[in-house]
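Engineer: For the sequence shown, the positions run 65 to 576 when our numbering is used.
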Amino acid sequence: SASTFFLREGLETWGVKVDVFKHGKYKNAPNSLTEDDFTAEHLENTSSYLESIDDYLLSGMSASRHRRKGFVKGNWDIIREYGSMTAANAKEIGLIDCYLNVFPLEEFVEANKDGGSVKNVMKRLNKGIDADANLDSFCANHSVSLNQYRNRLKKRKVEKQKRDDWEWKKHQVFEKLAENGVMKNILAQRGIEAPNFNIDKDEYLKESSRVLKKEKIVIINVGDITDEMGTKVINSLKKVKEDESVKSVILRIDSRGGSAIASEMIHAECQTLSQPIVCSMANYAASGGYYVAANAKRIFALPTTITGSIGVFGIRPDFTELAKRYGINTRHVVLSRNAGMNDPFCPLTAQMKNSLARSVDDVYATFKRVVAEGRSLSLEDVERIAQGRVYTGSQAREVGLVDEWGDLSKAVSYAQRNFTESGAASVEVWPKVPSFGERVREVMGEKDGMGVFGGYGSGDDEVDVILRRIVANVFSRRDGLLRDRGWNVMLTCDEEDAIHMMLLDYFQSQNN
């Protein structure tokens, strides 16, 4: 299900007027502010992507349960209409295999330790279980906590890395020694021959490019596209250009859109890279998120990813009537007829509206051109699938906006196969997550370890100073949310995202 609030009547009651300029009949984000109910296009698009997600989920569950006794695909209609059900009901129709008050993991493990049978444990417990259930395939005789398992994997990885580093250091020594003909012959007599020397031949062929040339694949996360997010992504892309060991960039996009300007800046910076870009879509890659992805060499998405929304809108509130109701009168001194265009206390004239509409049309034309060039489509083809329509990953693949289904690991594998020599390049995530101290220093405006954090003490006095600085910063803000917040074109999936991103952008700007 999907729910939408329609605020038009409430806004009118408060004396707030909203002017919306958009391109794309399915660009429904601002409808929440201008309508009392779903428009035909809004309802059509919402129903379409909900049905696509629903079909995918049901087909997946049907595929996993179809072999179970008593379950048939037609059960779904009955299940949906029935609503919630007991565990016994679910087992009866094949939705689950068994139901237990407490999952007897420890008893299963103990049974295997003693050479017993898991099925016998279940029979003894006498809980709902099919007689033909293949529980004897459970062969574990030891259990560990998730933290223990994670620590073991981490330790194993560190130990392997140490061994590998040592072997490759020895390889470098042998390589240096082999430059001398006599030493090369001595090493060869002992079975240590170039080019792999002490490294297994197959391992050398696989790893040499990664270890010796230090090949890297960089993953750059792209969230909702505020000005700050755009700056972070662009800075990471600039560092990629300076690092010859980076062979490919993967844009990991989980974004419902954002600022049109920030989206264009990220796209433009991507165009300057010599390294190929692969896109991996997470839950969302819509509107501005798709703008950033459009020119990737390969686009991967999940079947349930929300993407598309190729359209543009701009919102310009008018608080003139609201101000009048509270006895506030605003007068304007302007030097041109468009001077008050960005002032929410100045009613829009016809000329101002034409100017704003023209800006939206220009951004939409640019958006379509970016998609056409990136996806090798004609502008006519893009127009047919654009108009702000939202797609699931499944639908986007059908219309040519996505190349393959797959998660981040599949995108990494694609980059390894196609853009690295070794096929085993190291994978890094940029920018690296800052520590808590670094984040606080950034908020406080501290740089290079100076100021409050110049020393590394952690006494109560220092904590008190930090808290006082934070409180002072918060309460020293005198400019309001609407002050100097000029006209801005948004590329977002829905109105909630637009409002969220405008607020986020405002508070982030206060920290800069």
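Positions of the beta carbon are idealized from the N, C-alpha and C atoms, including for glycine.
Are three or more beta carbon pairs between the segment 362 to 374 and the segment 293 to 309 nearer than 8 Å?
Structural biologist: The segment 362 to 374 vs the segment 293 to 309: no contact.
Engineer: From Asp467 to Arg448, what does the alpha carbon distance come to, in whole angstroms?
Structural biologist: Using only the alpha carbons, I get a separation of about 18 Å.
Engineer: What distance in whole Å lies between the Cβ atoms of Phe70 and Asp100, which are believed to be in contact at a cut-off of 8 Å?
Structural biologist: Correct: roughly 5 Å between the Cβ atoms.
Engineer: Would you list the one or two residues that DSSP bridges to Phe85?
Structural biologist: Beta-bridge pairing links Phe85 to Gly378.
Engineer: Report the residue from Ile363, Ser111, Glu145, Glu156 whose alpha carbon sits nearest the alpha carbon of Arg129.
Structural biologist: The option with the nearest alpha carbon to Arg129 is Glu156.
Engineer: Nearest CA to the CA of Val282: which residue from Leu337, Gly321, Phe261, Arg320?
Structural biologist: The shortest Cα separation from Val282 among Leu337, Gly321, Phe261, Arg320 belongs to Leu337.
Engineer: For Ser477 and Glu239, what's the separation of their Cα atoms in angstroms?
Structural biologist: So the two alpha carbons sit approximately 31 Å from each other.
Engineer: With a threshold of 8 Å on Cβ separation, who are the neighbours of Ala436 within its own chain once the five nearest residues in sequence on each side are excluded?
Structural biologist: For Ala436, where only same-chain residues beyond five positions count, the Cβ hits under 8 Å are Ser442, Leu443, Asp445, Val446.
Engineer: How many whole angstroms separate the CB atoms of Arg380 and Gly79, which I take to be in contact at a CB cut-off of 8 Å?
Structural biologist: Contact doesn't hold; Cβ gap of about 16 Å is too wide.
Engineer: For Asn611, which beta-bridge partners are listed by DSSP?
Structural biologist: Outside the displayed range of the chain (65 to 576) lies residue 611, so it cannot be described from this structure.
Engineer: Bridge partners of Arg362, per DSSP?
Structural biologist: The partner list for Arg362 (beta bridge, DSSP) reads Val342.
Engineer: Can you tell me the Cα-Cα spacing of Ile256 and Thr484, whole angstroms?
Structural biologist: C-alpha separation (whole angstroms): 27 Å.
Engineer: Less than 7 Å between the CB of Gly372 and some heavy atom of the ligand NAP, yes or no?
Structural biologist: Looking for the ligand NAP in the displayed structure turns up nothing, as the structure carries no ligands at all.
Engineer: Within 8 Å of any Cβ in chain B, is that where the Cβ of Arg395 sits?
Structural biologist: As a matter of chain content, chain B is missing from the structure shown, which is built from one protein chain.
Engineer: On a CA-only basis, which of Gln339, Met329, Tyr428, Asp119 is nearest Gly375? Give me that one, please.
Structural biologist: Here the closest residue by C-alpha is Tyr428.
Engineer: Measure the alpha-carbon distance for Glu105 versus Ser67 and round it to whole angstroms.
Structural biologist: Each residue's alpha carbon lies about 16 Å from the other.
Engineer: For the candidate residues Leu121, Ser400, Thr290, Met247, whose alpha-carbon lies nearest to that of Ser323?
Structural biologist: Selected option, being the one with the closest Cα: Thr290.
Engineer: Under the three-state reduction of DSSP, which class applies to Tyr455: helix, strand or coil?
Structural biologist: Of the three classes helix, strand and coil, the one that applies to Tyr455 here is strand, per DSSP.
Engineer: How big is the Cα-Cα spacing for Ala421 and Thr413?
Structural biologist: Those two C-alpha atoms are separated by around 12 Å.
Engineer: Using only the alpha-carbon positions, how far apart do Tyr213 and His206 sit?
Structural biologist: Their backbone Cα atoms lie some 12 Å apart in a straight line.
Engineer: Closest by CA to Gly457, which one among Ile117, Glu243, Lys81, Lys91?
Structural biologist: The shortest C-alpha separation from Gly457 is found at Ile117.
Engineer: Please list the terminal residues of the continuous beta strand (DSSP E) segment that includes Glu145.
Structural biologist: Here Glu145 belongs to no beta strand (DSSP E); instead the alpha helix (DSSP H) covers 139 to 146.
Engineer: When the distance is taken between beta carbons, is Ser351 closer than 8 Å to Gly378?
Structural biologist: Their beta carbons are not under 8 Å apart, which means Gly378 does not touch Ser351 by this criterion.
Engineer: Have a look at Ala154, Glu279, Gln415 and flag the residue whose alpha-carbon is nearest the alpha-carbon of Ser60.
Structural biologist: Outside the displayed span of the chain (65 to 576) sits residue 60, for which this structure offers no information.
Engineer: Given that a residue counts as buried once 16 or more other Cβ atoms are within 10 Å of its Cβ, and exposed if not, what is Ala127?
Structural biologist: With fewer than 16 Cβ atoms within 10 Å of its Cβ, Ala127 is classed as exposed.
Engineer: What would DSSP say about Ala349, mapped onto helix, strand or coil?
Structural biologist: Correct three-state label for Ala349: strand.
Engineer: With burial defined as no fewer than 16 other Cβ atoms inside 10 Å of the residue's Cβ, what is the status of Val493: buried or exposed?
Structural biologist: Answer is exposed; the Cβ neighbour count stays below 16.
Engineer: Run the CB neighbour count on Met247, radius 10 Å, all protein chains shown included, and call it buried at 16 or more, exposed below.
Structural biologist: Met247 is exposed by the Cβ-count criterion.
Engineer: Taking only the alpha-carbon atoms, compute the straight-line gap between Gln335 and Phe261 and give it to the nearest angstrom.
Structural biologist: Straight-line Cα distance between these residues: approximately 42 Å.
Engineer: By Cβ distance below 7 Å, which residues in the same chain neighbour Arg532 in space, the five residues on each side in sequence not counted?
Structural biologist: Unreliable placement is indicated for Arg532, whose pLDDT of 46 sits below 50; the coordinate value is still reported in the next sentence. Around Arg532: no qualifying Cβ.
Engineer: Can you round the beta-carbon distance between Glu333 and Lys81 to whole angstroms, since I take them to be within the 8 Å contact cut?
Structural biologist: About 38 Å separates the two Cβ atoms, so there is no contact after all.
Engineer: What's the C-alpha gap between Trp232 and Pro168?
Structural biologist: Spanning the two alpha carbons is a distance of roughly 47 Å.
Engineer: Can you tell me the Cα-Cα spacing of Arg395 and His331, whole angstroms?
Structural biologist: Rounded to the nearest angstrom, the two C-alpha atoms are 41 Å apart.
Engineer: For Gly74, name the three-state secondary structure that DSSP assigns.
Structural biologist: Helix, per DSSP.
Engineer: Using the beta-carbon count (16 or more within 10 Å), is Leu217 buried or exposed?
Structural biologist: Answer is exposed; the Cβ neighbour count stays below 16.
Engineer: Which of helix, strand or coil does DSSP assign to Glu99?
Structural biologist: Coil, per DSSP.
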